Each structure stands twice: as structure tokens, then as C-alpha cells.
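In terms of this note's numbering, the numbers along the sequence shown are unbroken and rise by one, the last being 598. Where a beta carbon is used, it is the ideal one built from N, C-alpha and C, also for glycine. Since this is a predicted model, take the numbers as computed values, not measurements. Written out below as C-alpha cells is the structure these notes cover.
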Amino acid sequence: MIPSVLPTYNRAPLTFVKGEGTWLIEADGRRFLDLGAGIAVNALGHAHPALVAALSEQAQALWHVSNLYQIPQQQALADRLVESTFADTVFFTNSGTESCELAVKMARKYWHDKGHPERTDIIAFEGAFHGRSSAGIAAAGSAKMTTGFGPLLPGFVHLPWGDLAAVRAAITDTVGAILIEPVQGEGGIRALPDADLAALRSLCDEHGILLILDEVQCGMGRTGKLFAHEWAGITPDIMMVAKGIGGGFPLGAVLATETAAAGMVAGTHGSTYGGNPLACAVGCAVMDIVANPGFLDEINRRSGQLRQGLEGLVGAHPDVFEAVRGSGLMLGLKCRAANTDVLQAAYDANLIVVPAADNVVRLLPPLTITEDDVTEALRRLDSVAAAIEAA
Numbered sequence: 208m209i210p211s212v213l214p215t216y217n218r219a220p221l222t223f224v225k226g227e228g229t230w231l232i233e234a235d236g237r238r239f240l241d242l243g244a245g246i247a248v249n250a251l252g253h254a255h256p257a258l259v260a261a262l263s264e265q266a267q268a269l270w271h272v273s274n275l276y277q278i279p280q281q282q283a284l285a286d287r288l289v290e291s292t293f294a295d296t297v298f299f300t301n302s303g304t305e306s307c308e309l310a311v312k313m314a315r316k317y318w319h320d321k322g323h324p325e326r327t328d329i330i331a332f333e334g335a336f337h338g339r340s341s342a343g344i345a346a347a348g349s350a351k352m353t354t355g356f357g358p359l360l361p362g363f364v365h366l367p368w369g370d371l372a373a374v375r376a377a378i379t380d381t382v383g384a385i386l387i388e389p390v391q392g393e394g395g396i397r398a399l400p401d402a403d404l405a406a407l408r409s410l411c412d413e414h415g416i417l418l419i420l421d422e423v424q425c426g427m428g429r430t431g432k433l434f435a436h437e438w439a440g441i442t443p444d445i446m447m448v449a450k451g452i453g454g455g456f457p458l459g460a461v462l463a464t465e466t467a468a469a470g471m472v473a474g475t476h477g478s479t480y481g482g483n484p485l486a487c488a489v490g491c492a493v494m495d496i497v498a499n500p501g502f503l504d505e506i507n508r509r510s511g512q513l514r515q516g517l518e519g520l521v522g523a524h525p526d527v528f529e530a531v532r533g534s535g536l537m538l539g540l541k542c543r544a545a546n547t548d549v550l551q552a553a554y555d556a557n558l559i560v561v562p563a564a565d566n567v568v569r570l571l572p573p574l575t576i577t578e579d580d581v582t583e584a585l586r587r588l589d590s591v592a593a594a595i596e597a598a
């Protein structure tokens, strides 16, 4: 008999009932150190006072009116994002998946309105994850994502990760955009070198095509800049955002230049819930904190402490860990032991980590993680490795 909740997840036997900063409390009272942050969602940890206050205040005033009307909180958040980024305009969604849908539509509408409706192809990359909608799985292209869900949305060209020669060779008269994550999350915390991201920007400029960045997981301070592409000194034409922007409240966005978004006029796209007062009030509170240069400096200090400790763990436990990957507080441990064994041993040590492809475990702690919590996380990871070695 099928469960009342559709069984599409392999859930761990854990039930968390409360969160406090970097900690989760299980129903039986155990305290878990959270290096997952809801898969990079809880950017400011659990029950952050500023987010609780923003949500509570807005909840007592107005929850939802729809986009048939002006929404001051939405305008305020859009203004903050435009002021802080490359973007000229913002569309609010509820998730990264919805942001992917609009990014694809926006790129194709751009070329249609320029008189080149044949330029529908979007170059994407092996190991990518862009959500689980029809466009998202077609963009990713892997058998794991697509088997059983055909016919797939056409128009995606899949290339090896990091192969610039393949990208250059694939740009034809039907290609309209390149879509890439500056740091792959689900794909195993693979960071594209800054020089490669700059080269992709140059290729787009050379051929007059659009660069779409998926910063759903690596954005909102996760790498120590507000957005990861800033490290490469480039800007996209369209960018997908979600996860950390809402600090745990469902919120996403598509940021775009005026040129890229010109075709998206009234009636071309919409969302019933997207950008509602509750979500945007929380999003404004997140931006107030995460966009602060001092806060970003602290992320870089904590990430340096964590990465140095992880490199030490790799050296101390070479049969368990192979290498450290990633940027900022978006780090991965490439494992020699099965990452599922590392995951289970972490649960046994009251530690939350997140699995990924390529036998990696992700470390995505709240951006507010303290020096003491990093020290404790490293201690627990050391005990995880020791437990696997002793098994």
C-alpha cells in the first residue's frame, strides 16, 4: 500500500523538531551539528532572530495578494538585488526549479524577438543539476534524471564539464545560450576555475549568445562573495537564484539584464505565489545581512578555518578521504570509502552532511557558523573517519 506521502525520497530515520543556529534537535532530544543547512537553504542558520522578526511582523499584516497588485516588499527586494548585482530587473519565483523554467523561456524569447527563432539550443554540462521540472531534467540530461520521463524538452546540447574546446566547437547558428553552475552542487562540488568562467563569458560575447548562470546553490554568500561569478570578475545575462535567498522560506528569483529580459512583457510569464509579501519580507532581511561586506569577510575567515581542517583530515585519513573540493562554505569531501558509509557514520556522530555525486559528501553549513562550531565539526568528522577505519 502506497504511503500517504509519495515515496520519492530515501529519508533518513531522523525527525528534527527544532533548530537553533547551527544545531538541530531531534525528537528524542539529541543535538545534531548541521553542516547541511537544508541543502544550502538555511543561510543564516535556524531561527535567526532577524528572520523570525521579519516573518512574524509581515504575517500579522498581510500574507498574500497575488501579482495582480503592487507588492511593496517585492519592490524593496528587487531594488536591493538590482543595486547589489549586475541585474536590471528581477522576477520572483518559489524555487530554483521555477527559476530554471523562466531562464530557459527568457533566453528563447530573446532570440525569437530578435528575429532568430531557430536559436533555441542551450549548451549545458555533464553533472549539472537544474531542478526536476521538464526543462530542468532536460538541461541536466543524465539518465538518472530523465529515464521514464520522455519525451524530453528538446533544445539542450550536453557537453563534458570544463571542456572549453568542446564548447567552442558546439556553438552553431542554432545555439542561443550557455547554462552553467559556477560550482556544481549535486554534481559533486565541482568548481569551475575562474579563468574558465571568464572564457565562457568571452565566448558568449564573441558569438552574441547569452550566458545563464545557475547560482541556486552557490549564490547568496555561499562562496564568500554575494554571488560566485564575482570571483571571476564577470557577469551573466541571466541568473537563477533560490535556496539561501529566503533563508529557509520558499523563495527564488531570476535576475537579468534589460537586454536579456526585453521580451518578457506582460502576459509572457507569471506566478501565483512568486514574490508574495511573506517571502519577500524574509528575503529583504536575508539581504540586509548577507550583502554586508563584513559578513562576507567573516564567511571567508570561517571557510579558511574549515578548509584547512578538512585538508588535515584528508592527510590523516587517506583511506577514507581523498580530497577537498569547492569554495567558501560550499565544500565537498571526495571520499575513498563509500560516501554512504561516511553519511551513516556522520549520523551516528550526530553530524549532518549531504551526499552528492562522484562519491562526495557536501559540507554546506549555515553561513553564520562560529569558530567553535567549525572546531567541533572537524572533531566529529575525525571521529567519523576513525569509526570507518575501525569497521
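Rounded to the nearest angstrom, the Cβ distance from D421 to E393 is 11 Å, too far for a contact under 8 Å. Scanning its chain for C-beta atoms nearer than 6 Å, with the 5 sequence neighbours on each side dropped, one finds around A449 the residues S302, G303, S306, V423, G459, in chain order. Membership of T296 in the beta strand (DSSP E) is indicated by the continuous run 296-300. In this structure, the beta-carbon distance from L574 to P562 does not fall below 8 Å.
Residue environment: D580 is assigned as buried (16 or more neighbouring CB atoms within 10 Å of its CB, all protein chains considered). Closest by C-alpha distance to E465, out of E233, S211, F356, T296, is T296. If only uninterrupted beta strand (DSSP E) runs of at least 3 residues are considered, those enclosed by the region 540-575 are 561-563, 567-570. Nearest in C-alpha terms to Y554, of all of L242, A463, P210, T381, is L242. Each of A254, G477, A294 was checked against the Cα of F434, and the nearest Cα belongs to A294.
Going by C-alpha positions, A405 is about 27 Å away from A250.
Between V461 and T300, the gap from beta carbon to beta carbon is short of 8 Å. Rounded to whole angstroms, the gap between the alpha carbons of D412 and D286 is 27 Å.
Sequence-distant partners of I506 (beyond 5 residues in either direction) whose C-beta falls short of 7 Å from its own C-beta, in its chain, are G428, G431, G535, L536, L574. For the set A398, A439, A523, the Cα lying nearest the Cα of R532 is the one of A398. Assigned with DSSP and collapsed to three states, W230 falls in strand. When C-alpha distances from G252 are compared across L269, F239, W230, W318, the shortest belongs to W230. Inter-segment contact for the region 231-240 and the region 478-486 is absent: fewer than three beta-carbon pairs are separated by less than 8 Å. The beta carbon of E529 is closer than 6 Å to those of K541, R543 in its chain, skipping five residues each way along the sequence.
Nearest C-alpha to E333 among S341, K351, D320: K351. The alpha carbon of T222 has as its nearest neighbour, out of L213, A234, P358, G228, the alpha carbon of A234. In this model, L366 and I330 are separated by some 7 Å (Cα to Cα). Boundaries of the alpha helix (DSSP H) harbouring G522: 500-523, taken from the DSSP string. Around the beta-carbon of R315, 16 or more other beta-carbon atoms lie within 10 Å, marking it buried. Positions of the alpha helix (DSSP H) runs, each at least 4 residues long and wholly inside the region 307-342, cannot be given because no such run exists. Here A556 really is in contact with R587; their C-beta atoms are around 5 Å apart, less than 8 Å.
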